[in-house]
Structures are given as structure tokens and as C-alpha cells.
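Data block below; observations after.
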Amino acid sequence: MIHVIDVVQHYGVRPVLRQINLEIRSGELVVILGANGMGKTTLLAVLAGVLDPQEGCVEIDGLRRRSSVENELAIRRRVVYLPDHPWLPSNRTGREFLLGVGRLYDIPDRRLLDHVERLLTLFDLAREADWPIRSYSNGQQKKIAICSALVTEAPVLLLDEPFSGGLDPAGILALKRLLRRRIQESGATVVMTAPVPEMVEELADRIAVLSDGRVLAYDTADGLRRHTNSSGPLAEVLERLVHSQTLEKLDDYFRGDSP
Amino acid sequence: MIRAIRWVWLVLPPGWCVALFLLFYLAVETLCLCFSYHLGLDEAMAGVWRMRDIFVGQACFLYGAFRVVGFHPLFRPEYRKWLESTPWTSRKPLPVGPVHLVVQDAVVLAVVLALLHTWSVVLLQVLAAFAFAYQLAAAVSLWPTGLRWRCYAILFVLGAVILVVQNPVAAAALLAAVYPFTHLSLSRSLEQFPWQLPEWWPRFELKSNATRDGRKPGQQILGWPYDLLQPLKPSEGIGLLDGTAVSLLLGWWAYAGLANLPSDQRDPQAALGRLMLVMTLLAGILGRFLSYCATYWWPISLWGRLWTRRWLFPRYDRVFVAPLLALAVPIAVAWAVGPTRFAQPMETALTISLVVWIVLNVGPRLTDWRLTGGHRINPGLRDRSQFVRL
Chain G
1 MIHVIDVVQH YGVRPVLRQI NLEIRSGELV VILGANGMGK TTLLAVLAGV
51 LDPQEGCVEI DGLRRRSSVE NELAIRRRVV YLPDHPWLPS NRTGREFLLG
101 VGRLYDIPDR RLLDHVERLL TLFDLAREAD WPIRSYSNGQ QKKIAICSAL
151 VTEAPVLLLD EPFSGGLDPA GILALKRLLR RRIQESGATV VMTAPVPEMV
201 EELADRIAVL SDGRVLAYDT ADGLRRHTNS SGPLAEVLER LVHSQTLEKL
251 DDYFRGDSP
Chain S
1001 MIRAIRWVWL VLPPGWCVAL FLLFYLAVET LCLCFSYHLG LDEAMAGVWR
1051 MRDIFVGQAC FLYGAFRVVG FHPLFRPEYR KWLESTPWTS RKPLPVGPVH
1101 LVVQDAVVLA VVLALLHTWS VVLLQVLAAF AFAYQLAAAV SLWPTGLRWR
1151 CYAILFVLGA VILVVQNPVA AAALLAAVYP FTHLSLSRSL EQFPWQLPEW
1201 WPRFELKSNA TRDGRKPGQQ ILGWPYDLLQ PLKPSEGIGL LDGTAVSLLL
1251 GWWAYAGLAN LPSDQRDPQA ALGRLMLVMT LLAGILGRFL SYCATYWWPI
1301 SLWGRLWTRR WLFPRYDRVF VAPLLALAVP IAVAWAVGPT RFAQPMETAL
1351 TISLVVWIVL NVGPRLTDWR LTGGHRINPG LRDRSQFVRL
């Protein structure tokens, strides 16, 4: 269970997150949706413990982030965070990297070796497994980064835009199915961000829509439809929730264009 | 003859070092002889000969340090790892060569002293240079292997050696007196092999061919976010007792160095004292800032603080307490003892001790700070050449 309680985050003058309250149940996949610059990545960074919010706090499985050394270490053992732009060790091979990350999370060697092998095969990286990461394409680097989060077997996964960054359709399919299975079989909790709804509609248990640092809505896809009196795809729901101004601006634009 | 050379070679530095030493020695000696021949052995020539003695003394100093650093498995990671995989115990000789002083060392030193072709106190000074460096390196090797108090004890005596360095007989006597303790401590350290070394130790190991792309063995570089958000307890930093011992030690060495200057040169003494103090302050504060704040940034910009009128973020700003206290110490000491006595050996040493104590011991502890501080973690200052950013 993840509790986000009254979180306010500034970097400078402008608040990026304003009084955010969220409750994410164990075994749930929650997608944070919103336009660029609305605070998705910041919210995920607060959940991951990268940022310490100016107000409010985050609790994971009853433990408050950064409240004590023991609590923080216990949270870190349960949570893995994959940022949008991770830094990968360029001279290590993909396999070495995955083994290193797995050992960091105390996965027994035999299980780790087997898991690494299966992940590399699943994400079509078996051939490149023993090449240095610097020789990988963008998409392959994205895949190895995703594999690194999965190899930790952490029960809470915080993934910042996992489907962007050059992931091919096979990779997207593999990740979607794998996350679903992890949730069903081991009760993992997944929180991810996404800028567009198409990719996540079938995946998300609940969707948090962020706009201007506030949670506009937090519900299932059907709940959001009811909320907006819409029966169309999630993109339409989001259009009504977040982008209503965009439609008005478009109207204004074309109105101005007419003779 | 060849057997004898091989026998001695066991403890000598690599051939190129020996060749370089001989080349330099011959050059300096030839120069000295030429000057002597043309100018005669007058007062001025004593300075030229002194140069040769200093050169030989420095070479012996390096040789003394090499005898530990070159042979102790602690400083050679691959050798150490290989040794760990063998049934070696401290009862057997070290395969690469002895780290304790042996007869060959006496032969090498005798040859070097013979090269000086003099019978004066210089011989004692050259021997003292060797013994000082050897025991200094040996003391350093004791810290990571768990014999920290023995390390401090030897270093305190070496501080006393600096204090009496103008009296070579006293310095040599002190070095000779502490040598049995150093010898026994080295043996005890080897008995405890394999060691549980501190996690920071690989940074100080000798680089070897097997270290690829600048990485030292044992160093985990998994990039962002794993290096900074790993579920392992980060470095504890130095403990209270060690921090106190180190601060006293540095103060003692500073006092020994300053008090050692001739009393008729008070101005240089004061200037050196001030320089030491400034260097300690800069190194201490900068070192502390780097280890605490390099990747752990303030939660909000200065402009943000001013604009939102939140002047203080106690969970972050506590990191400034120790540096500010360290800065305040010299001012307080200068105010207490008066400007004339400030920068005298005792006052300087006390100030340095206090500054180092504050930098090392005043909270927050590094572990607490990294795991519970009110900062934002920023990977931006890491060595980018090691990583690809997605």
C-alpha cells in the first residue's frame, strides 16, 4: 500500500505538486497520466525517495519515507525506481549490469542467473547480452534498463514512462504482459507515468490524471468515463478532463484564420 | 655474484627505478666532483654536497615506503585476491616478497650509505628517512586491516620524530624504539588475513592492469538510480573515537612541524601556521561539502526560498552547521588568545585539531544524512564518461 499524503513540491517559486493525496493499493497498477510539465515525473520521484517534498509525506507499506535509516532501507528493499533517463554503465555488458543490480537486491545467485537469462531472451537481447551497453541501440538500452528494474523482484515498481524511448512493439507487448503477470502472481504494485492514454488503457487498474500539479481525477477507466459523461476511448475522456482548453484554443485559432 | 644480486633484488623496486636512481646519483655526483675539482672544497661546496645527500635521503624515503606498499597484499588487490584463494597463512612467507625488514634491506641501505662516502651525521639522517617512511606506510596499512589504535600509536610517535628532527640522534632513537612495535603490529595485521576491508579502501589501492576503464576492483558502478538508491547502508563515515584520534593526530603533527622551525624565524613560523590552518579549513570544509552535498542538493533554489519566505529548511540546512562551526573556531581562538599569539605552534595545532574534530564528528552522520536528509538526489555530478544516459 502506498499513501501519498498532502504532498507539496517546489523546485523554485512555482509549486510543481499541490496538495497531492493518493492511495495505491497493493497488487494494483496505477498509471499517472497528464500533459508535459504537469508533475508526473516529480510525483514519481517523490514516491521513489529522490525528492523530499516540502510538505506532506509518502508512506509505503506503513513506513514513512526518510523517517529513519531503518525505515528508508526497508522501503528501498521493497521498491525499485526506473527513471525516464537512467544512466547505464557504458562499459559493462548487459548481463553484468543485470547481475550487479540483482545482487544489490540480494537475489540468490542461482535464481538470479536464471532470471537474467529469461529476461534477456524475452526482450530479444540474448545475442547482445555480452556486449558492452554502449554498443546497444536506444531501444535496446531502454530494454536493458527495464530488465534491470524487473530483475530486482521488488514488490513495488515505479516506472517513469516505460513505454517511451524507442521500445519496439515486441518489447511493449512483453512488458505489458509481464507486468500483468507479476501483479496477478506475486501481488506486485506498479505505478507508472505515461503522457498518452492509448498505451495504458488495457493495463491500468486505476488512472490518476494530473494537471497543473493537482490530481484532477483518480479512478478506474470506467469511473473516469462516468465522471466525464463519456463513453468513448480513454483519449476522449482525457480530452474532456485535461485538454478541453486545447479544443477551445483550436477553435480560436481557426476562427482567427477565417476571412 | 648473480645469485647475490638475485638475493638482494627480492626487496628492490622495479629495475627502471633502480636505474633511474643510479643515473641521477651519477649525474649529481659528477656535478659535485666537477665543482669540487674546479672550485675546491670550501664553504660554498658544502651546499652542493648537501643537495646530493638530500637526493639520496629522498630516495631512501621512497624505498622505505615501497617496502610496505610494494609488498603488502593490502595495497595490491589482485595479489590479495589471489592470496585469498590459496591456503596461505601468516606463518608462511609472503609469495611476492617480505613486507618485514630483512637482511637484504640492510645490504641495500649499506650500499646506499657507502655511495655517500662520508662518515657524518648524514648517514643517520638518511637511515632515519628510510625508517620514517617505512613505519609511516606500515602504520597506514594497519588502519584498514582493523588495527586502528596501533596505527594511531605509531603515527603519534612519528609526530614526535618530526618534533625532534633537528636532532638526528634523538629522531633515530625514537624510530628505533618504535620499530619493534611496528614490526609486531605488521605481523598481527597479516595474522588477521583475509581482512574485512572498508568499502572506501579500493580507492587507495594501486592501479593494476586488470582494472578496466579506470574502475577499481570491488567498486560498484551501476549508474543512476541504482548507485544512489541502493538498498544497502551507505558508508558510515568515521566514528567518534576515530574522528577524535585523527583530529588529535593532525594537531600533533602540525605542532611538531611548526615547533620544529628555528625560533629565530618566527615570521615564517607564523606564516606557515596560518597557511596550515587555511589549508585545513579549506580541505575540511570542501571535503565535507563534497561528501555530503555533491549529489544531495538543496530541496529548493535560493530564489525559491526568498520568494516563498521559507528561509530555513531544518532537515537540509543542518548540513551547514559543521562547516559554520569549523569557520567559527579560528575566529574564536584568535579572539581568545589575541592576534599576537594566534598562529603560534600550540594555538595553531589546537585550532587545527578542533576544526578537524568538528568536520569529522559534528552531525548529521553521513548515513543519516543520505537516507533521511531533506535533500533531493541529483546524479548530475557523476563521472559521465562511465555512463550512457538513455
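In order, the protein sequence lines correspond to chains G and S. When the letters of the first sequence are read in order and numbered with our numbering, they come out as residues 1 to 259. When the letters of the second sequence are read in order and numbered with our numbering, they come out as residues 1001 to 1390. We put the beta carbon where it would ideally sit given N, CA and C, even for glycine.
Between the CA atoms of serine 1085 of chain S and glycine 62 of chain G - distance to the nearest angstrom:
Near 45 angstroms, if we compare the C-alpha coordinates of serine 1085 of chain S and glycine 62 of chain G.
Using the three-state DSSP reduction, which class does leucine 1286 of chain S fall into: helix, strand or coil?
Shown here, leucine 1286 of chain S sits in a helix according to DSSP, grouped into three states.
Residues of the region 1129 to 1161 of chain S whose Cβ lies closer than 8 angstroms to any Cβ of chain G, in chain order
Listed in sequence order: no entries.
Should the region 1006 to 1013 of chain S be called in touch with the region 52 to 71 of chain G, which here means at least 3 C-beta pairs below 8 angstroms?
With the cut-off at 8 angstroms, the region 1006 to 1013 of chain S and the region 52 to 71 of chain G do not touch.
Give the residues of chain G in contact with histidine 1375 of chain S, contact being defined as C-beta atoms less than 8 angstroms apart.
Result: Asp52.
So, valine 209 of chain G versus glycine 12 of chain G, is the Cβ gap smaller than 8 angstroms?
Valine 209 of chain G is not a Cβ neighbour of glycine 12 of chain G, given a cutoff of 8 angstroms.
Going by C-alpha distance, which of S/Pro1323, S/Arg1310, S/Gly1057, S/Trp1307 is nearest leucine 1286 of chain S?
It is S/Pro1323.
I'd like to check one pair, glutamine 1230 of chain S with leucine 104 of chain G: are the Cβ atoms closer than 8 angstroms?
Yes, the Cβ-Cβ distance between leucine 104 of chain G and glutamine 1230 of chain S is below 8 angstroms.
Please name the residue, chosen from S/Leu1281, S/Leu1248, S/Pro1234, S/Val1178, that lies closest to alanine 1328 of chain S on a Cα-to-Cα basis.
The candidate whose alpha carbon is nearest that of alanine 1328 of chain S is S/Leu1281.
Distance cutoff 8 angstroms, beta carbons only. Does arginine 18 of chain G sit that close to anything in chain S?
Not an interface residue.
To which residues of the same chain is glycine 1015 of chain S closer than 8 angstroms at the C-beta, ignoring the five residues directly before and after it?
Cβ within range, chain order: n/a, list empty.
Proximal residues of chain S, C-beta to C-beta of isoleucine 133 of chain G below 8 angstroms:
What isoleucine 133 of chain G touches in chain S: Val1388.
According to DSSP, is arginine 1309 of chain S part of a helix, a strand, or is it coil?
Arginine 1309 of chain S: coil per DSSP, three-state reduction.
Please check if any C-beta of chain S sits within less than 8 angstroms of the C-beta of valine 13 of chain G.
By this cut-off, valine 13 of chain G is an interface position.
Compare the C-beta of isoleucine 1221 of chain S against all C-beta atoms of chain G and say whether one is closer than 8 angstroms.
Yes, because at least one Cβ of chain G sits closer than 8 angstroms to the Cβ of isoleucine 1221 of chain S.
Looking at C-alpha atoms only, which residue of S/Ala1245, S/Leu1115, S/Pro1095 is the closest neighbour of arginine 1076 of chain S?
Ranking the options by Cα distance to arginine 1076 of chain S, first place goes to S/Pro1095.
Assuming arginine 1150 of chain S contacts serine 1185 of chain S (C-beta within less than 8 angstroms), just tell me the rounded distance between them.
At roughly 4 angstroms, the Cβ-Cβ gap stays under 8 angstroms, so arginine 1150 of chain S and serine 1185 of chain S are in contact.
Could you check which residue in G/Asp124, G/Ser135, G/Thr193 has the C-alpha nearest to that of leucine 29 of chain G?
The candidate whose alpha carbon is nearest that of leucine 29 of chain G is G/Thr193.
Taking the alpha-carbon positions, what's the leucine 1371 of chain S to valine 46 of chain G distance?
Approximately 14 angstroms, taken between the alpha carbons.
Along the beta strand (DSSP E) that carries proline 1234 of chain S, what are the first and last residues, could you check?
Careful: proline 1234 of chain S lies outside any beta strand (DSSP E) and carries neither H nor E.
Measuring only between beta-carbons, confirm whether proline 162 of chain G sits less than 8 angstroms from chain S.
Chain S, which has no Cβ nearer than 8 angstroms to the Cβ of proline 162 of chain G, makes this no.
Taking Cβ positions, are histidine 1132 of chain S and leucine 1158 of chain S nearer each other than 8 angstroms?
The residue asked about is misnamed: residue 1132 of chain S is phenylalanine in this sequence, not histidine. Yes, the pair counts as a contact, with Cβ atoms nearer than the cut-off.
Pairwise C-alpha distance: valine 80 of chain G and lysine 1233 of chain S
Those two C-alpha atoms are separated by around 16 angstroms.
Does serine 186 of chain G get closer than 8 angstroms to chain S when you measure Cβ to Cβ?
Not an interface residue.
Determine the DSSP secondary structure at proline 1217 of chain S, reduced to helix, strand or coil.
Only weak support is given to the placement of proline 1217 of chain S: the predicted model assigns it a pLDDT of 38, under 50, and the value that follows is read from those uncertain coordinates. If DSSP states are grouped into helix, strand and coil, proline 1217 of chain S belongs with coil.
Ignore the nearest five residues each way along the sequence and tell me which others in isoleucine 74 of chain G's own chain have a CB closer than 7 angstroms to its CB.
Note on residue identity: the sequence assigns alanine, not isoleucine, to residue 74 of chain G. The beta carbon of alanine 74 of chain G sits closer than 7 angstroms to those of Leu63, all from its chain and outside the five residues before and after it, given in chain order.
Using C-beta distances below 6 angstroms, list every residue in its chain close to arginine 1052 of chain S, excluding the 5 sequence neighbours before and after it, in chain order.
Once the five neighbours on either side are set aside, the close Cβ partners of arginine 1052 of chain S are Val1028, Cys1032.
Starting from alanine 194 of chain G, trace the beta strand (DSSP E) in both directions and tell me its first and last residue.
Unbroken beta strand (DSSP E) run through alanine 194 of chain G: 189 to 194.
Quick one: what's cysteine 57 of chain G bridged to in DSSP?
Answer is G/Ile5, bridged to cysteine 57 of chain G.
Neighbour list for alanine 145 of chain G in chain S, Cβ cutoff strictly below 8 angstroms
Below the 8 angstroms Cβ cutoff, chain S contributes Leu1390 as neighbours of alanine 145 of chain G, in chain order.
What residue from S/Leu1123, S/Thr1118, S/Lys1092 has the CA that sits closest to leucine 1109 of chain S's CA?
Nearest option by C-alpha distance: S/Leu1123.
Under 7 angstroms: does the beta carbon of leucine 120 of chain G sit that close to some heavy atom of the ligand GDP?
Although the ligand GDP was asked about, the structure shown includes no ligands whatsoever.
Tell me serine 67 of chain G's beta-bridge partners as DSSP assigns them.
Serine 67 of chain G is not bridged by DSSP to any residue.
May I ask you to verify whether the region 19 to 29 of chain G touches the region 132 to 144 of chain G, counting CB pairs closer than 8 angstroms and requiring at least 3?
Output reads no: the region 132 to 144 of chain G does not touch the region 19 to 29 of chain G.
Residues of chain S with a CB under 8 angstroms from the CB of alanine 48 of chain G: which are they?
From the beta-carbon of alanine 48 of chain G, the residues of chain S found nearer than 8 angstroms are Pro1225, Leu1229.
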